[in-house]
Amino acid sequence: MSTLATWREIDLGGSVAGGTSEKYKTGNWRVEKPVIDYEKCIRCLICWLYCPEPAILRTGDEVKIDYDYCKGCGICAEECPKKAITMVPEEI
Amino acid sequence: MSTLNPVAKISDLPENSKFRPGHRLCAGCGPAITAKIITLAVPEAVIVNATGCVEVGTTIYPYSAWKTPWVHVLFQNNAPVASGIVAALEKLSAEGRAKKIPVIALGGDGSTFDIGLGAISGALERLDKFVYICYDNCAYMNTGIQRSSASILGAATTTSPAGKVIPGKQENKKDLIGIVASHHIPYAATATLWLWRDMINKIRKAVNYSEQGPAFLHILAPCQFGWRFEPHLTVKISRMAVETRLFPIYEVEDGQLKINFRVTAPKPVEEYLKIQRMMRHLLEPKNAETLQRLKAWAEWNWQRLENLEKAGRVF
Amino acid sequence: MMAEALARQHKLALTGNDAVAYAVKQANVDVISAYPITPQTFVVETLSRYVYDGELNAKYIAVESEHSALSAVIGASLAGARAFTATSSQGLAYMWEALYAASGLRLPIVMALAARALSAPINIHNDHTDFFGMRDAGWIMFNGEEAQETYDLTIMAFKIAEDPRVLLPVVVSYDGFIVSHAITNFYALNDDVVKEFLGVRTTGPRIDPDNPRSIGVLALQDSYFEFRRQQYEAMENARQVIKEVFKKYGETSGRNYAPLKEYMTDDAETCIVAMGSTVGTARHAVKTLREKGEKAGVVGILQYRPWPTKEAEQLFSRFKRIIVMEKAMSPGARAGPVYEDIASTIYPKHREAKMVDFTYGLGGRDISAQGIIDIYKLGKELVDKDKTDKVQFYGVRE
Chain L
583 MSTLATWREI DLGGSVAGGT SEKYKTGNWR VEKPVIDYEK CIRCLICWLY
633 CPEPAILRTG DEVKIDYDYC KGCGICAEEC PKKAITMVPE EI
Chain S
5 MSTLNPVAKI SDLPENSKFR PGHRLCAGCG PAITAKIITL AVPEAVIVNA
55 TGCVEVGTTI YPYSAWKTPW VHVLFQNNAP VASGIVAALE KLSAEGRAKK
105 IPVIALGGDG STFDIGLGAI SGALERLDKF VYICYDNCAY MNTGIQRSSA
155 SILGAATTTS PAGKVIPGKQ ENKKDLIGIV ASHHIPYAAT ATLWLWRDMI
205 NKIRKAVNYS EQGPAFLHIL APCQFGWRFE PHLTVKISRM AVETRLFPIY
255 EVEDGQLKIN FRVTAPKPVE EYLKIQRMMR HLLEPKNAET LQRLKAWAEW
305 NWQRLENLEK AGRVF
Chain X
183 MMAEALARQH KLALTGNDAV AYAVKQANVD VISAYPITPQ TFVVETLSRY
233 VYDGELNAKY IAVESEHSAL SAVIGASLAG ARAFTATSSQ GLAYMWEALY
283 AASGLRLPIV MALAARALSA PINIHNDHTD FFGMRDAGWI MFNGEEAQET
333 YDLTIMAFKI AEDPRVLLPV VVSYDGFIVS HAITNFYALN DDVVKEFLGV
383 RTTGPRIDPD NPRSIGVLAL QDSYFEFRRQ QYEAMENARQ VIKEVFKKYG
433 ETSGRNYAPL KEYMTDDAET CIVAMGSTVG TARHAVKTLR EKGEKAGVVG
483 ILQYRPWPTK EAEQLFSRFK RIIVMEKAMS PGARAGPVYE DIASTIYPKH
533 REAKMVDFTY GLGGRDISAQ GIIDIYKLGK ELVDKDKTDK VQFYGVRE
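Line order of the protein sequences matches chains L, S and X. Read in order, the letters of the first sequence are residues 583 to 674 in our numbering. Read in order, the letters of the second sequence are residues 5 to 319 in our numbering. Read in order, the letters of the third sequence are residues 183 to 580 in our numbering.
Next up, the structure:
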């Protein structure tokens, strides 16, 4: 991934700037991916609330899967009250 | 810090959480959901993380999932570290040298129930003004599913396997809220992922209470890896834990116990056990004795809580 | 002492423990957390009294164990506070894992250590086992032989720790009971002088909500080594920083410190090395030996980590015989910790200097000036007969 720093340049005392995990894309972990059927979606935001990454982007009441990070756990599909999300096999 | 009002709708929460993706926790990780929801529920806080799944999975150098101030020191000391931070922020903020923000100590059941319990007791006894949140995945998951005193009766862990002679852990789960509430702190409560509004609002309530004293939350956070279930069932399993009365949802406020989610027609415990390989062996006829003890405990514990609820101030 | 320096100070008569507490009060520490243990207890009690009487505006956290004491101090330090703790022996051992954490996190914590023997068997009296037990933890380590040094070192400790080139925790040790409980006269700097000397803490890691960082992350095989090398360098930087602080303190107080204390070493052939209160007793012994025509001298260790390699090489290579006295031992090792530090400094370059190691005083067994004279005579004989291959024990019933 990134080239790590020499001892002279490395962060002080085992610390790092916050939020840097975004540079590490976990999307390649998944074997199946969620697909949202926006006809069925009622914008309840339950999928967004429960995503463990989070890999669901939210603007207002609109949601979109962030495939850069989605690990394919399937919780969003399971919890969606309208069964608007389907897990489909990921392509290699 | 202004009082955090209860959240009514999910859309009341901020659009972006300060818990960022790219962390290495398992797909479907209950503690990850817990950590994320904490940062959605609380606008600003310093997280004092104990060693464990969340700490390790979210801060592998040079990546950190936390866009909040976050510290980690050792396995059993996040409570006294929090005490130190609270004291420092109180003094420094009075002199205009620092900004006072809520302090949330976050630890798994390993650090909370076992190795850190003594230090937690000290911090609670001192009535230090912080929030302690235990994300309970019922075993030492980060080191590979070893039993903790939070593992339930019969749990098959690597140090209490479902063996030929002994069918899993024979000791019962510690009554953590009982221990904690016995320190006469302002607020203690259980919560879990399924009852999201209850969980979010308890986190906010705890932060409010931390202005005057310690507030303690015990959150059941199912672990697909350790409990051995399909990752998409995490929230469902938290629901079943509640509906079988195995994980009652209640709070103790100023010593008065109140059940927040009344389970009037409990689902059979067997339903909870059969979908996780950690517990499934209890359904075998030869393990009937342990299963009966677990079921009896669930019923006894529920009755105990209902009795305490009617008894006025009990802590 | 220069008249100006004297005008900045006032004379006190306090125990070593109270001298430390007095220094901590003057240093305007923000957070204190400690757990009582003999013989440190009075540091903690005196500081509590200062806080509860309103003489010291600090937060005092009464923890339930030493592990929690250092943990609370680490927490406070992470939040940007000037933080202090104190302990001895078992307490130090109990917080052992936190010692490494404090140093690895680069926190400018100061700790007082009333040196005491370690269990088992249990013993509450002075030796240096606890002190030497932490020598690899990455802490700067000092020893004060009586109240004056201990007071001065405690003040200086904050300045050294907080220097941005250092950012390492500092331990100031002093003999349990002998120094901690005995009242001696000493000069304390006036409050405003200390305030000016130390200021408030502005350096080192701190919790900043506007610039959130994660402190204490998991450093895997690909980064841990760099963090530790960085820490090692900080300890190397400390040599220069300590020199500067000693100099500045000397200008302020009139007392000029050096890592190694010398007494009659200019033309000494044989020197006795010791640390702590024994150094004072050794001076008496050497005075007597000199009167008898012996070319003896004393070297006292004030600064143990960083080990003053350059000064030690220059000094120890001058002697024909080096008789090391240690209130500690390392079972199974060739010799005790101080012997090993000196030997690795002067050998193999200075083969002419011969050394012998004496373990004495464990568990608070007393050492007199006559005892040191005996050690000198025995040590000299062993060196001259080339019989120095074993650690010698002085004062134990054979």
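From the three backbone atoms N, C-alpha and C, an ideal C-beta is built for every residue, glycine too.
Which class does residue 174 of chain S belong to by DSSP, given the choice of helix, strand or coil? For residue 174 of chain S, the three-state secondary structure derived from DSSP is coil.
Residue-chain proximity (residue 608 of chain L, chain X), Cβ-Cβ < 8 angstroms: With 8 angstroms as the cut-off, residue 608 of chain L does not count as an interface residue toward chain X.
Helix, strand or coil at residue 36 of chain S according to DSSP, with G and I counted as helix: Looking at residue 36 of chain S - three-state DSSP - the assignment turns out to be helix.
For chain S, find out if any of its Cβ atoms is closer than 8 angstroms to the Cβ of residue 206 of chain X; answer yes or no. Closer than 8 angstroms: no.
Proximity of residue 169 of chain S and residue 106 of chain S at Cβ, strictly below 8 angstroms: No, the Cβ-Cβ distance between residue 169 of chain S and residue 106 of chain S is not below 8 angstroms.
List the endpoints of the continuous alpha helix (DSSP H) containing residue 561 of chain X. Where residue 561 of chain X is concerned, the enclosing alpha helix (DSSP H) stretches over 551 to 566.
Own chain residues within Cβ distance below 8 angstroms of residue 583 of chain L, not counting five before or after: Unreliable positioning characterises residue 583 of chain L in this predicted model, as indicated by a pLDDT of 36, which lies under 50. A coordinate reading is not provided.
Using the beta-carbon of each residue, which ones in chain L are nearer than 7 angstroms to residue 253 of chain X? Identification of chain L residues near residue 253 of chain X by a Cβ-Cβ cut-off of 7 angstroms yields none; the smallest Cβ-Cβ distance measures about 16 angstroms.
Once DSSP output is grouped into helix, strand and coil, what is the label at residue 53 of chain S? In this structure, residue 53 of chain S counts as strand in the three-state DSSP scheme.
In three-state DSSP terms, what is residue 145 of chain S? In the three-state reduction of the DSSP assignment, residue 145 of chain S falls in the coil class, being assigned neither a helical nor a strand state.
Quick one: any contact between the region 316 to 330 of chain X and the region 243 to 252 of chain X, if contact means 3 or more CB pairs under 8 angstroms? With the cut-off at 8 angstroms, the region 316 to 330 of chain X and the region 243 to 252 of chain X do not touch.
Just mark residue 316 of chain S as buried or exposed, buried being the case when its beta carbon has 16 or more other beta carbons within 10 Å. With fewer than 16 Cβ atoms within 10 Å of its Cβ, residue 316 of chain S is classed as exposed.
Return the residue from the list X:425, X:564, X:575 and X:338 that minimises the CA-CA distance to residue 380 of chain X. The option with the nearest alpha carbon to residue 380 of chain X is X:338.
Within 8 angstroms (strictly less), CB to CB, does residue 402 of chain X reach chain S? For residue 402 of chain X, the nearest CB of chain S lies under 8 angstroms from its own CB, placing it at the interface with that chain.
If we ignore side chains and look at the alpha-carbon of each, how far apart do residue 132 of chain S and residue 215 of chain S end up? Roughly 9 angstroms between the two C-alpha positions.
Going residue by residue through the region 454 to 525 of chain X, where are the continuous alpha helix (DSSP H) segments of at least 4 residues, counting only ones entirely within it? For the region 454 to 525 of chain X, the full-length alpha helix (DSSP H) segments reaching 4 residues or more read 460 to 473 and 491 to 498 along the chain.
How should residue 74 of chain S be labelled, buried or exposed, when 16 other C-beta atoms within 10 angstroms of its C-beta is the threshold for buried? Under this definition residue 74 of chain S is a buried residue.
Report, in whole angstroms, the separation of the C-beta atoms of residue 263 of chain X and residue 92 of chain S, which I expect to be a contact under 8 angstroms. Under the criterion of beta carbons closer than 8 angstroms, residue 263 of chain X and residue 92 of chain S qualify as touching, at roughly 4 angstroms.
Assign residue 544 of chain X to one of three DSSP states: helix, strand, or coil. The answer is helix: DSSP assigns residue 544 of chain X an H, G or I state.
Using DSSP bridges, identify the partner residues of residue 317 of chain S. Looking at the DSSP assignment, residue 317 of chain S forms a beta bridge with S:260.
Please check the pair residue 267 of chain S and residue 246 of chain S, which I expect to be a contact at CB under 8 angstroms, by giving their CB distance rounded to whole angstroms. Between residue 246 of chain S and residue 267 of chain S the Cβ distance is about 7 angstroms, and since that is below 8 angstroms, they are a contact.
Check whether chain S comes within 8 angstroms of residue 655 of chain L, counting only Cβ atoms and requiring the distance to be less than that. So yes, residue 655 of chain L belongs to the interface.
Could you check where the beta strand (DSSP E) with residue 444 of chain X kicks off and where it finishes? 442 to 445 is the span of the beta strand (DSSP E), which, as asked, contains residue 444 of chain X.
Can you find at least 3 beta carbon pairs, one from the region 401 to 419 of chain X and one from the region 437 to 450 of chain X, that sit closer than 8 angstroms? No contact exists between the region 401 to 419 of chain X and the region 437 to 450 of chain X.
At a Cβ threshold of 8 angstroms, is residue 586 of chain L touching chain X? With 8 angstroms as the cut-off, residue 586 of chain L counts as an interface residue toward chain X.
From this set, X:235, X:253, X:306 and X:290, which residue's C-alpha is nearest residue 270 of chain X's C-alpha? Here the closest residue by C-alpha is X:306.
For residue 230 of chain S, which of S:142, S:244 and S:205 has the nearest alpha-carbon? Ranked by Cα distance from residue 230 of chain S, the options S:142, S:244 and S:205 are led by S:142.
Simplified DSSP assignment, three categories, for residue 407 of chain X: Taken through DSSP and simplified to helix, strand or coil, residue 407 of chain X comes out as helix.
So what does residue 243 of chain S bridge to, in DSSP terms? Residue 243 of chain S is not bridged to any residue.
Exposed or buried, residue 184 of chain X, counting other C-beta atoms within 10 Å across all chains shown (16 or more means buried)? Exposed.
Cutoff 8 angstroms: residue 583 of chain L Cβ touching any chain X Cβ: Interpretation of residue 583 of chain L is limited by its pLDDT of 36, a score under 50 that renders its predicted location unreliable; the figure taken from the coordinates is listed afterwards. False, the Cβ-Cβ gap to chain X never drops below 8 angstroms.
Within the region 99 to 160 of chain S, ranges of the beta strand (DSSP E) (whole runs, at least 3 residues): Fully enclosed beta strand (DSSP E) runs of 3 or longer: 107 to 112 and 135 to 140.
Where does residue 550 of chain X land, buried or exposed, given buried means 16+ other C-beta within 10 angstroms? By the 10 Å Cβ count, residue 550 of chain X comes out exposed.
Rounded C-beta distance between residue 89 of chain S and residue 261 of chain X? I'm assuming under 8 angstroms. About 5 angstroms separates the two Cβ atoms, so the contact holds.
Measure the alpha-carbon distance for residue 284 of chain S versus residue 175 of chain S and round it to whole angstroms. Take the alpha-carbon of residue 284 of chain S and the one of residue 175 of chain S: they are about 17 angstroms apart.
Nearest by alpha-carbon distance to residue 435 of chain X: which of X:373, X:481, X:488 and X:450 is it? The residue with the shortest Cα to Cα distance from residue 435 of chain X is X:373.
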